[in-house]
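For reference, the structure is listed below as structure tokens.
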Ligand code: MN
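In my numbering, the protein residues as written are 3 to 133.
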């Protein structure tokens with residue numbers, strides 16, 4: 003069985019390392035982007051099965067990156083999970099309103115995080131190439 007590919011869009015190196023380590027330990031292949039623009043470009047190019055999206059990024063926000071992905075037929079079906087420290091009610095509402103597949107808080111709680119990711123990837127609506 004081919005490894006499922008997960009794109010991590012995250013500008014904080016510690017968070018990136020944590021996500022990369024836990025996902026690769028579970029047998030996923032990872033792609034990494036440190037900016038929103040780079041994340042959108044990589045998603046178009048590689049069509050990952052899932053995208054983990056930080057919201058506070060150095061260029062465009064994770065929400066804007068999501069909107070670009072959602073507007074593009076090549077990436078619109080890829081589930082995108084917001085991963086953000088912000089517990090701000092306003093930001094949470096925005097994340098829910100634009101159509102992210104879900105939300106996971108930072109600091110990441112590994113058990114809950116992986117359970118959520120695995121459930122999402124197992125669902126029939128999860129995108130990505132099956133070949
Ligand atoms: Mn960030």
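Glycine included, C-beta positions come from ideal geometry on N, C-alpha and C.
Check	Outcome
Pairwise C-alpha distance: residue 14 and residue 73	26 angstroms
Limits of the alpha helix (DSSP H) - the one that residue 91 falls within	91-100
Member of 124, 114, 108 and 116 whose CA lies at the smallest distance from the CA of residue 16	108
N- and C-terminal bounds of the beta strand (DSSP E) containing residue 8	7-11
Proximal residues to residue 97 (C-beta, below 6 angstroms), its chain only, five neighbours per side dropped	84 and 105
Heavy atom of ligand 1 within 7 angstroms of residue 25 beta-carbon	no
Residue 35 (DSSP reduced to helix, strand or coil)	strand
Other residues of its chain near residue 134: CB distance less than 7 angstroms, five sequence neighbours each side excluded	Here the chain covers residues 3 to 133 and nothing more, so residue 134 does not appear.
Reduced DSSP secondary structure (H/G/I, E/B, other) of residue 106	strand
C-beta atoms of residue 42 and residue 67 nearer than 8 angstroms	yes
Beta-carbon spacing of residue 82, residue 116 below 8 angstroms	no
Runs of alpha helix (DSSP H) wholly within the segment 55-94 (minimum 4 residues, chain order)	64-73
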